Amino acid sequence: MEYSFSFFQKSADYLKSRVPYTPEIGIILGSALGPFAQDIEDPICVNYSDIPNFLLSTAPGHAGKLIFGKIAGKYVVCMSGRFHSYEGYDFEQLVIPIRVLKLLGIKAVILTNAAGGVNESYRPGDIMLMKDHIKLTGASPLRGKNVDEFGPRFFDTTTMYTPRLRALAKECAEGTGLTIHEGVYFFMTGPQFETPAEIRAIRILGGDTVGMSTVTEALTAAHCSLPVLALSVVTNMAAGVLDQPLTEEEVSETGRMIATRFSSYMKKIVAAM
Ligand code: HPA
């Protein structure tokens with residue numbers, strides 16, 4: 039399926055009719071990081087199923103609504119529930135959320151994810167600021183006819199994880215008690231967790247965390263010149279690092295453990311942006 043500019047405008051126009059202000063920052067919450075949304079003041083919730091041309095979230099731990107409101111005095115829009123290729127979506131469909139948020143007028147996006155720790159010096163509960171990514175499988179979300187209104191056919195990705203925002207997030211980490219790293223996120227399509235051999239290969243290739251999201255959104259944002267801050271929360275050590283199987287429960291458990299500190303860190307970042 040190929041999308042025209044008006045396809046995205048239809049979703050944005052609907053949302054503009056529901057929300058009487060322009061959000062400044064878009065936030066996408068990863069698996070197990072949903073509790074942050076409870077801190078949004080004066081929330082206006084819009085179910086994905088009510089938005090024309092939008093997608094539906096099917097992943098566990100993903101609520102499926104846009105929440106507009108205020109964090110630290112700033113208007114934000116938060117996606118509680120995101121879309122992944124493992125749900126059966128085509129890569130081309132995964133441009134939808136970021137493009138709609140762009141048309142709503144956001145000036146930057148914060149992407150968060152739960153990820154496996156590939157770098158053996160990382161620990162569950164640590165946060166990695168994404169300075170880059172590696173995506174060798176799956177297609178680009180920008181595949182297909184280019185929508186020139188958003189950006190050029192060929193575009194640069196050198197500084198797609200905006201250095202200024204990363205520096206700001208590093209400063210905000212001081213005094214939070216969180217351990218912050220900067221590193222490379224390795225995209226895998228999932229839904230199965232990786233094999234130990236894949237994780238060894240990913241480590242050799244330069245990945246520090248591994249996960250099944252974020253990169254499609256970051257590429258869509260880079261294409262339409264939207265600054266990106268991306269945070270990986272290490273919810274588990276990747277396959278084969280420890281002598282134990284990975285479970286979805288471990289991912290949620292670490293999410294719960296870090297929820298309060300993560301939320302106050304996010305608030306500090308939004309306030310400083
Ligand atoms: N691999 C891929 N995705 C993930 C992981 C992992 O180990 N943990 C949380 N999301």
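Numbering (my numbering), first residue to last: 39 to 311. The beta-carbon is built from N, C-alpha and C at its ideal position, and this holds for glycine as well. These figures come from a predicted structure and were not determined experimentally.
Exercise for the section: Starting from the Cα of P265, find the closest Cα among V272, V147, N184 and give me that residue. Expected result: As a first step, residue 265 is located in the sequence shown; it is residue number 227 there, counting from the start. Comparing Cα positions, the closest option is V147.
Problem - Length of the line joining the Cα atoms of G182 and I240 - result: By 1-based counting over the sequence shown, the position of residue 182 is 144. By 1-based counting over the sequence shown, the position of residue 240 is 202. C-alpha separation (whole angstroms): 28 Å.
Exercise for the section: Keeping to the same chain, check which residues put their C-beta closer than 6 Å to that of T258; ignore five residues upstream and five downstream. Expected result: As a working note, residue 258 is residue 220 in the sequence shown. Cβ neighbours of T258 beyond the five flanking positions: V133, I136, P179.
Exercise for the section: Report all residues from its chain with a CB closer than 7 Å to the CB of T252; omit the five preceding and five following residues, and keep chain order. Expected result: Residue mapping note: residue 252 aligns to position 214 of the sequence shown, counting from 1. Answer for T252: L149, N151, Y223, A268, listed in chain order.
Handout entry: Selected residue, minimal CA-CA separation from F188, among T273, L139, F74, I63
Key = As a working note, residue 188 is residue 150 in the sequence shown. Taking only the C-alpha atoms, the option nearest F188 is L139.
Handout entry: Selected residue, minimal CA-CA separation from V114, among L67, Y86, F225
Key = In the sequence shown, residue 114 corresponds to position 76, counting from 1. It is L67.
Handout entry: Boundaries (first-last residue) of the beta strand (DSSP E) holding T196
Key = As a first step, residue 196 is located in the sequence shown; it is residue number 158 there, counting from the start. Per DSSP, T196 belongs to no beta strand (DSSP E) and is neither H nor E.
Problem - 4-residue-minimum alpha helix (DSSP H) runs that sit fully inside the region 152 to 219, ordered along the chain - result: 201 to 211
Handout entry: Coarse secondary structure for S302, derived from DSSP in three states
Key = Here residue 302 corresponds to residue number 264 of the sequence shown, with the count starting at 1. Helix.
Handout entry: Inter-stretch contact (C-beta, 8 Å, three-pair minimum) for the region 222 to 237 and the region 271 to 282
Key = yes
Problem - Exposure label - P229; buried when at least 16 CB within 10 Å - result: Position 191 of the sequence shown, counted from the start, is the residue given in the question as residue 229. Burial call: exposed.
Handout entry: Distance, G64 Cα to F45 Cα
Key = Sequence index remark: in the sequence shown, residue 45 carries index 7 (1-based). Sequence index remark: in the sequence shown, residue 64 carries index 26 (1-based). Each residue's alpha carbon lies about 20 Å from the other.
Problem - Bridge partners - C116, DSSP secondary structure assignment - result: As a working note, residue 116 is residue 78 in the sequence shown. C116 pairs with I65, I105.
Exercise for the section: Could you have a look at I82 and say whether DSSP puts it in helix, strand or coil? Expected result: Residue mapping note: residue 82 aligns to position 44 of the sequence shown, counting from 1. Note: I82 maps to strand in three-state DSSP.
Problem - Candidates K305, N184, E158, of which the one nearest V272 by Cα - result: Along the sequence shown, read from residue 1 onward, the residue named residue 272 stands at position 234. Nearest C-alpha to V272: E158.
Exercise for the section: In the DSSP assignment, find the unbroken alpha helix (DSSP H) run with S44 in it and report its ends. Expected result: Against the sequence shown, residue 44 aligns to sequence position 6. Counting along the chain, the alpha helix (DSSP H) containing S44 begins and ends at 43 to 56.
Problem - Distance between S87 and H171 (C-alpha atoms, nearest Å) - result: Position 133 of the sequence shown, counting from 1, holds the residue named residue 171. Position 49 of the sequence shown, counting from 1, holds the residue named residue 87. Near 31 Å, if we compare the C-alpha coordinates of S87 and H171.
Practice task
With a 10 Å radius around its C-beta and 16 neighbouring C-beta atoms as the bar for buried, classify F121 as buried or exposed.
Solution key: Here residue 121 corresponds to residue number 83 of the sequence shown, with the count starting at 1. Label assigned to F121: buried.
Problem - From A297, K169, P81, residue whose alpha carbon lies closest to that of A202 - result: On the sequence shown, residue 202 is found 164 positions in, with the first residue counted as 1. Strictly speaking, residue 202 in this sequence is Arg, with Ala absent from that position. When only C-alpha atoms are compared, the closest one is K169.
Practice task
Can you tell me which of P61, D77, D186, A153 puts its alpha carbon nearest to the alpha carbon of H261?
Solution key: For the purposes of this step, residue 261 is taken as the residue at position 223 of the sequence shown. The residue with the shortest Cα to Cα distance from H261 is D186.
Problem - Residues sharing a beta bridge with I148, DSSP - result: As a working note, residue 148 is residue 110 in the sequence shown. For I148, which the question treats as bridged, DSSP gives the partners I65, L267.
Problem - ligand 1 heavy atom lying under 8 Å from the CB of S69 - result: As a first step, residue 69 is located in the sequence shown; it is residue number 31 there, counting from the start. Answer for S69: yes, Cβ within range of ligand 1.
Problem - Proximity of T227 and I165 at Cβ, strictly below 9 Å - result: Locating residue 227 in the sequence shown gives position 189, counting from the first residue. Locating residue 165 in the sequence shown gives position 127, counting from the first residue. For T227 and I165, no; Cβs fall outside 9 Å.
Handout entry: Of the listed residues D246, K208, K108, S263, nearest to T196 (C-alpha basis)
Key = On the sequence shown, position 158 is the one that residue 196 refers to. It is S263 whose Cα lies nearest to the Cα of T196.
Practice task
Pull up the distance between the alpha-carbon of R299 and that of T214, whole angstroms please.
Solution key: The residue given as residue 299 occupies position 261 in the sequence shown. The residue given as residue 214 occupies position 176 in the sequence shown. Roughly 7 Å separates the two Cα atoms.
Problem - Rounded separation between I78 and S118 - CA only - result: Position 40 of the sequence shown, counted from the first residue, corresponds to residue 78. Position 80 of the sequence shown, counted from the first residue, corresponds to residue 118. Rounded to the nearest angstrom, the two C-alpha atoms are 11 Å apart.
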